[in-house]
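Student: Those letters in the sequence shown? Residues 74 to 224, by the numbering used here.
Ideal placement from N, C-alpha and C gives every residue a C-beta, glycine not left out.
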Amino acid sequence: MYISARADYALRAMLAVADAASTDAASTGDERSGGGELVKAASLADSQDIPLSFLQGILLDLRRAGLLHSHRGTEGGYALTRPPAEISVGDVLRAVGGALTSVRGMPADRAGYHGIATGLRDVWLAVDGAIALVVDRTTLADLLADRAPAP
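1. For Tyr151, write down the residues that DSSP places opposite it in a beta bridge.
2. Taking the alpha carbon of Val207 as the reference point, which residue from Leu173, Lys113 and Gly139 has its own alpha carbon closest?
3. Could you spell out the range, first to last residue, of the alpha helix (DSSP H) harbouring Gly163?
4. Taking Cβ to Cβ, would you say Ala168 is nearer than 8 Å to Leu135?
5. Val196 to Tyr186, Cα distance in whole Å?
6. Between the alpha carbons of Arg85 and Ser116, how many angstroms are there, rounded?
7. Straight-line CA distance for Arg164 to Lys113?
8. How far does the alpha helix (DSSP H) with Ile204 in it extend, from its first residue to its last?
9. Output needed for Met74: all residues of its chain with C-beta closer than 6 Å, excluding positions within five of it in sequence on either side, in chain order.
10. Near Thr101, which residues of its chain fall below 8 Å by C-beta distance, leaving aside the five closest residues on each side in sequence?
11. Determine whether the Cβ of Ala203 lies closer than 8 Å to any Cβ atom of chain B.
Printed below as a string of structure tokens:
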């Protein structure tokens, strides 16, 4: 698995928005929604040291995937669509990069082999499954609470 700058930036941005949501939820006592305080793209770019033009494309992908709401205007910004405990690292990675594991640019399940290499497909599927197990069990809330899975 290759972690691109895009995937890394997306996770950092989502964590910053999740942190704003959890801070807002703690102050209001309402942890049910993912909403929370709206965070501006420029603020995210500045706080996470992400180029704003690059971040805007990432935020669009996250919004299209249903992970973020966006609100326009001077008071606008971005907020989570669900609580941080309901958004996994895998959700974010798939939103900005598609398949978790690729073989020659295709998802692992589409790799085809014949002859002595037939077993490679099973290896790539096992790798994909192991990665999915970690990233789909790890939520934004886990990362905010410093409860990432052990190596």
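Tutor: With the given structure in hand:
1. Val112 and Ser143
2. Leu173
3. Val162 to Gly170
4. yes
5. 12 Å
6. 13 Å
7. One point to set straight first is that residue 164 is Asp, not Arg, in the sequence displayed. Looking at the two C-alpha atoms, the distance is approximately 22 Å.
8. Leu193 to Arg210
9. Thr174 and Ile204
10. Low local confidence applies: a pLDDT of 48 at Thr101 is under 50, so the model's placement there is unreliable, with the coordinate-based value given in what follows. Same-chain partners within the cutoff: there are none.
11. The structure shown has no chain B; it contains just one protein chain.
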